[in-house]
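Protein chains: 2
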Amino acid sequence: MKSYVLALDLGGTNSVLGVVDPSGKIVCTDSFKTQAYPELDDYVEQCAVVAEGLYAQVGGKEQIEALGIGAPDVNYWEQTIENATNLPWKGIVPLASKLEARLGIRVRMTNDAKAAALGEMLYGAAKGMKDFIMLTLGTGVGSGIVVNGQLVYGKRSFAGELGHTSIRPENGRPCPCGRKGCLETYCSATGVAQTAREYLLSGNYPESTLHVLPIDAITSKDVYDAAMQGDRLGNEVFAFTGQLLGESCADFATFSDPEAFVFFGGLTKAGDLLMKPIVKTYEEMVFDNYKGTASFLLSQLKDAEAALLGAAALAWTDR
Amino acid sequence: MKSYVLALDLGGTNSVLGVVDPSGKIVCTDSFKTQAYPELDDYVEQCAVVAEGLYAQVGGKEQIEALGIGAPDVNYWEQTIENATNLPWKGIVPLASKLEARLGIRVRMTNDAKAAALGEMLYGAAKGMKDFIMLTLGTGVGSGIVVNGQLVYGKRSFAGELGHTSIRPENGRPCPCGRKGCLETYCSATGVAQTAREYLLSGNYPESTLHVLPIDAITSKDVYDAAMQGDRLGNEVFAFTGQLLGESCADFATFSDPEAFVFFGGLTKAGDLLMKPIVKTYEEMVFDNYKGTASFLLSQLKDAEAALLGAAALAWTDR
Numbered sequence: 020m021k022s023y024v025l026a027l028d029l030g031g032t033n034s035v036l037g038v039v040d041p042s043g044k045i046v047c048t049d050s051f052k053t054q055a056y057p058e059l060d061d062y063v064e065q066c067a068v069v070a071e072g073l074y075a076q077v078g079g080k081e082q083i084e085a086l087g088i089g090a091p092d093v094n095y096w097e098q099t100i101e102n103a104t105n106l107p108w109k110g111i112v113p114l115a116s117k118l119e120a121r122l123g124i125r126v127r128m129t130n131d132a133k134a135a136a137l138g139e140m141l142y143g144a145a146k147g148m149k150d151f152i153m154l155t156l157g158t159g160v161g162s163g164i165v166v167n168g169q170l171v172y173g174k175r176s177f178a179g180e181l182g183h184t185s186i187r188p189e190n191g192r193p194c195p196c197g198r199k200g201c202l203e204t205y206c207s208a209t210g211v212a213q214t215a216r217e218y219l220l221s222g223n224y225p226e227s228t229l230h231v232l233p234i235d236a237i238t239s240k241d242v243y244d245a246a247m248q249g250d251r252l253g254n255e256v257f258a259f260t261g262q263l264l265g266e267s268c269a270d271f272a273t274f275s276d277p278e279a280f281v282f283f284g285g286l287t288k289a290g291d292l293l294m295k296p297i298v299k300t301y302e303e304m305v306f307d308n309y310k311g312t313a314s315f316l317l318s319q320l321k322d323a324e325a326a327l328l329g330a331a332a333l334a335w336t337d338r
Numbered sequence: 020m021k022s023y024v025l026a027l028d029l030g031g032t033n034s035v036l037g038v039v040d041p042s043g044k045i046v047c048t049d050s051f052k053t054q055a056y057p058e059l060d061d062y063v064e065q066c067a068v069v070a071e072g073l074y075a076q077v078g079g080k081e082q083i084e085a086l087g088i089g090a091p092d093v094n095y096w097e098q099t100i101e102n103a104t105n106l107p108w109k110g111i112v113p114l115a116s117k118l119e120a121r122l123g124i125r126v127r128m129t130n131d132a133k134a135a136a137l138g139e140m141l142y143g144a145a146k147g148m149k150d151f152i153m154l155t156l157g158t159g160v161g162s163g164i165v166v167n168g169q170l171v172y173g174k175r176s177f178a179g180e181l182g183h184t185s186i187r188p189e190n191g192r193p194c195p196c197g198r199k200g201c202l203e204t205y206c207s208a209t210g211v212a213q214t215a216r217e218y219l220l221s222g223n224y225p226e227s228t229l230h231v232l233p234i235d236a237i238t239s240k241d242v243y244d245a246a247m248q249g250d251r252l253g254n255e256v257f258a259f260t261g262q263l264l265g266e267s268c269a270d271f272a273t274f275s276d277p278e279a280f281v282f283f284g285g286l287t288k289a290g291d292l293l294m295k296p297i298v299k300t301y302e303e304m305v306f307d308n309y310k311g312t313a314s315f316l317l318s319q320l321k322d323a324e325a326a327l328l329g330a331a332a333l334a335w336t337d338r
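Just so you know, the sequences run in chain order A and B.
Residues in the first sequence are numbered from 20 upward in steps of one, following this note's numbering.
Residues in the second sequence are numbered from 20 upward in steps of one, following this note's numbering.
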């Protein structure tokens, strides 16, 4: 085994490349704007140029074992990106094979939420675990499911879309995915802001400090700040959000009997405001067989490093 | 590889032992009453005696590769039966190791619903598939989930309890498991009879032929028979049951992106009455990414053979 892997966090805005050692130390990084390379071949060339610069800082390319990529809309089985809405390349994009040909090293690519779960398993809160579920609570709700030490991909590599399980199937919020009451419509940053708006308009919280903000501009951070100042509405929004997550985890447990649920993403900054109602509701609602057996953990990776470490974990483990 | 395996279908009433060849042909069987052996060691001895009789019919014990067991409440990782409510032995029962010591062949044991999924993968509707979900619609709702060609067991081997996902979390039927609105409370034989009773009491079906039966004695078979005679209530009960199963499958798809859902158990005798609303609701409700990609199949194993073939599949494949 060589000393390092190369990791690529391919986002809609930025592409970050880094060199990572087996312990999860990011040795050096460089980045560029993804949208500056609307032609795939130019993007591949730019990656190669940036990679050369990184190789030079760690003793040359011969120190590099492989490249791992975390990206949106990846078909893992095909090692392609398919119909990504936030990337410049349309249709089915054979990025991994192109990079492998250009760089001359092994390249493995997976979805960013799945890479995050691998990173957590190798370097973070799920170290040593073989069965856990990672939920990323950001603009949307992403997930990565690990069963028996392996990521769950499914037939077409679209497994792990737990943000699109319906938690309120009868009268829930409409989701752009076409369903009603999807977890994502409630338990994402967007969903939290929506809940706050509904509470504000209900007339039940005349005292809330959030009334001073333009209602359409309210963000989950505003709700969090208000809650931390003791605002009743803010606290109840997080209690409700946590309750729905706890209910959902009670369903997810029946699928894979996980050792832990690991939470990541902007919303988790709310800490106990969110985690306490999650655990309380889960333990109340879960099938008796599962009570008291799962841990509820926050990610142990730093926000800025998690995506690169996930991609690095893929490079180290996926042969 | 030897010519046959031994398979044990350990039920609360009967224990059936059989010899099965690699193609899934059951060569010979014998059975006895499980409850006649309240002492575990006596049960093991009885299995050994019956096995000897079967060996003699296929050319001796040296033709037998292994023993596979399908049983309730199995902890697969420990190869024990734990706190089974329908078996005579209390607490944690090391049946596999005792049989292995007594018989002198490799013994592997798993839960009956999981064995059924293995049987379907080796010999039935899921032949050659690596990602599918099997739902057993009987007195309860059981499940076996296969991901990447492997059964999903989870940390403590309690994975695959999809009958206890909540499909009506807000106002659903109470479930003995402690949850509300569990799939099993609606989509089991018991649930179908309960739905029929509710419909009868609603006053909306004065013409239903089911009114002639004592309401507490109505079974899912009565509902099926009525539906096949054109009874509106009977048809609507199956439409409702299928709708809830379709909704549930739309949730399950987000977990493991399966190639197929395979249905087994008494309720599936309803055929299209049940399957058509399942598929219709699934395709309406599922996340766009999954539309049109999963098959909905009926088990291809005969009722009387499925449990033995599942146990045989375990013996052939689990080394």
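Glycine is no exception: its CB is placed at the ideal position from the N, C-alpha and C atoms.
Contacts around residue i, its chain only, beta-carbon distance under 6 Å, and the 5 residues preceding and following it disregarded
i, result
"B/V126", "L86, A115, L118 and E119"
"B/Q262", "P296 and T300"
"B/P57", "P107"
"A/P188", "G200"
Alpha-carbon spacing of residue i relative to residue j, whole angstroms
i, j, result
"B/L229", "B/G222", "12 Å"
"A/G31", "A/N105", "5 Å"
"B/D131", "B/D322", "13 Å"
"B/E101", "B/K109", "8 Å"
"B/F306", "A/A75", "46 Å"
"A/G265", "B/C194", "18 Å"
"B/V281", "A/F315", "33 Å"
"A/A279", "A/C206", "19 Å"
"A/V298", "A/A269", "10 Å"
"B/K44", "B/P91", "24 Å"
"B/T155", "B/P113", "26 Å"
"A/L59", "A/K52", "13 Å"
"A/P41", "A/I124", "17 Å"
"A/Y62", "A/G78", "24 Å"
"A/K133", "B/L141", "30 Å"
"B/S50", "B/V69", "8 Å"
For residue i, the three-state DSSP class (helix, strand or coil)
i, result
"B/F283", "strand"
"B/E342", "Outside the displayed span of chain B (20 to 338) sits residue 342 of chain B, for which this structure offers no information."
"A/V305", "coil"
"A/L232", "coil"
"B/M153", "strand"
"A/Q169", "strand"
"A/D276", "coil"
"B/L114", "helix"
"A/K288", "helix"
"A/L202", "helix"
"B/R121", "helix"
Classification of residue i by the beta-carbon crowding that lies within 10 angstroms, buried from 16 upward
i, result
"B/G210", "buried"
"B/M20", "exposed"
"B/A325", "buried"
"B/A334", "buried"
"B/V93", "buried"
"B/D276", "buried"
"B/I83", "buried"
"A/R338", "exposed"
"B/G249", "exposed"
"A/E9", "Not covered by the structure: residue 9 of chain A. The range shown for chain A is 20 to 338."
Residue i and residue j closer than 9 Å at C-beta
i, j, result
"B/M153", "B/I88", "no"
"A/V171", "A/K149", "no"
"B/G182", "B/G168", "no"
"B/G163", "B/S318", "no"
"B/G147", "B/G284", "no"
"A/D244", "A/A215", "no"
"B/A289", "B/F257", "yes"
"B/G179", "A/F274", "yes"
"B/A272", "B/Y309", "yes"
Close beta carbons around residue i, own chain, < 7 Å, minus the five adjacent residues each side
i, result
"A/S185", "G191, R198, K199, G200 and C201"
"A/L137", "L170, G329, A332, L333 and T336"
"B/I111", "T99 and E101"
"A/I237", "A212, A215, R216 and L229"
8 Å CB neighbourhood of residue i in its chain, flanking five on each side removed
i, result
"A/C66", "L27, S34, L36, L118, R121 and L122"
"B/N254", "A246 and L292"
"A/L220", "I234"
"B/L8", "The displayed coordinates of chain B run from 20 to 338. Any statement about residue 8 of chain B would go beyond what the structure contains."
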